[in-house]
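To keep things clear, I will list the structure first and then write my remarks on it.
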Amino acid sequence: MTSSQFIDLTHPISLTTTRPTIYPGDPDLRISPHATVEKDGYAVHYMQLGTHTGTHIDAPAHFIEGGRTVDQINLDELVGRALVVDLSRTQGGLKPRQKIEWEDLELAWAENGRTSESGRSSGSSESGTLEDRLDSGKFKMLLVHTGWQYPSAATNATPGASAPSIDAVPSFFDHPYFSSSVAKRLIASKSVRLFGSDTPNPDETPFNGVGGEDGYAFHEVFLGGDGLIAENLTNLDKLLLQIHEDTQVQIEWIVSIIPMKIEGVDGSPARAFAHTTRRT
Numbered sequence: 072m073t074s075s076q077f078i079d080l081t082h083p084i085s086l087t088t089t090r091p092t093i094y095p096g097d098p099d100l101r102i103s104p105h106a107t108v109e110k111d112g113y114a115v116h117y118m119q120l121g122t123h124t125g126t127h128i129d130a131p132a133h134f135i136e137g138g139r140t141v142d143q144i145n146l147d148e149l150v151g152r153a154l155v156v157d158l159s160r161t162q163g164g165l166k167p168r169q170k171i172e173w174e175d176l177e178l179a180w181a182e183n184g185r186t187s188e189s190g191r192s193s194g195s196s197e198s199g200t201l202e203d204r205l206d207s208g209k210f211k212m213l214l215v216h217t218g219w220q221y222p223s224a225a226t227n228a229t230p231g232a233s234a235p236s237i238d239a240v241p242s243f244f245d246h247p248y249f250s251s252s253v254a255k256r257l258i259a260s261k262s263v264r265l266f267g268s269d270t271p272n273p274d275e276t277p278f279n280g281v282g283g284e285d286g287y288a289f290h291e292v293f294l295g296g297d298g299l300i301a302e303n304l305t306n307l308d309k310l311l312l313q314i315h316e317d318t319q320v321q322i323e324w325i326v327s328i329i330p331m332k333i334e335g336v337d338g339s340p341a342r343a344f345a346h347t348t349r350r351t
């Protein structure tokens, strides 16, 4: 017999928790009843949202003229084994608006990342640097757990109200961000075509008059290399070291990050999850 386990990597799209995370200047989120069971005998809701709302995928067309749109992404690019790097345990913790260089990922991998591969047995003889693992050709994704806090219900906006003021969540957009050196190294690996993290943006988010000096360097390099970006992931910590109690073998997670197939657009909200199947 076999049993399956799933871990949801997706934040729910919610008027209360999603609206404070919308990138400054993007379309607001609106959800309202269009028809109800009580009145109409069936329920239908009206939704308005941007293509980069909540947990979502960036297609190359997000920054690249003539780049692939979300409907042109092949399913096999969205499903596969991932390397998961844990930056949440960085000595002293990540600082607001800290720029993360490739060397920071290598250091985190050397300290605790070698047990963070979704798809490697704990008894494997494989080892080496993060660069070595990327160059092995066995992984389609690099996912980075920063531990950056997604706004909770305590910062909720009132349903039906306008989007919250920028002062409502002053720390969320002060997230750490990734240097273009990371994007360049991933593009060079050739096998890793999807980068994802629990932050709202791999680049620095200009917010309340602060930040943005580096522009959109990560997006431009990685999407320019026909890569894909997943933003606002959650539960990445649950993909770190997990061992089967009975076999003492590390759980092999297959990660899926699936956007809606919307013709001609630059991104889409996505359902992201990891799953594993084992014999019992």
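Going by my numbering, the sequence shown opens with residue 72, and the numbers climb by one from there. Positions of the beta carbon are idealized from the N, C-alpha and C atoms, including for glycine. No experiment lies behind these values; they were computed from the predicted model shown.
A buried status is given to A254, since no fewer than 16 other beta-carbon atoms sit within 10 Å of its beta-carbon. In the structure shown, R256 adopts helical secondary structure according to DSSP, grouped into three states.
For the set S74, E177, I78, M72, the Cα lying nearest the Cα of F344 is the one of I78. Residue environment analysis places L149 among the buried positions, since at least 16 neighbouring C-beta atoms fall within 10 angstroms of its C-beta.
Secondary structure of P91 (DSSP, three-state): helix.
The beta carbons of L100 and T124 sit closer together than 7 Å. Contact annotation: the region 161-179 touches the region 245-260, with at least three C-beta pairs closer than 8 Å. P247 carries a coil assignment under DSSP once its states are collapsed to helix, strand and coil.
Bounds of the alpha helix (DSSP H) holding F289 are 288-295. DSSP lists S327 as the beta-bridge partner residues of V150.
Around the beta carbon of T348, fewer than 16 other beta carbons sit within 10 angstroms, so the residue counts as exposed.
Under the three-state reduction of DSSP, A132 is assigned to helix.
Contact check for Y221 and T305: beta-carbon distance about 6 Å, within the 8 Å limit, so the pair qualifies. Contact annotation: V336 and T89 have beta-carbon atoms that are not nearer than 7 Å. E109 has its alpha-carbon roughly 49 Å from the corresponding atom of L158. Across the set I93, A114, L311, G138, the C-alpha of A114 shows the shortest separation from the C-alpha of S103. Counting only residues of its own chain and dropping the five nearest sequence neighbours on each side, P330 has a CB closer than 6 Å to the CB of I128, V141, S339, A341. Residue pairing of K166 in beta bridges, as defined by DSSP: absent, with no partner found. Bridge pairing for R139: absent [DSSP].
Shortest Cα-Cα distance from T200 to any of E182, L214, K211, M212 involves E182. In terms of Cβ geometry, V326 and A153 form a close pair [threshold 7 Å]. One thing to note: G295 has its Cβ no nearer than 7 Å to the Cβ of I144. For D297 and T107, the gap between their C-alpha atoms comes out near 43 Å.
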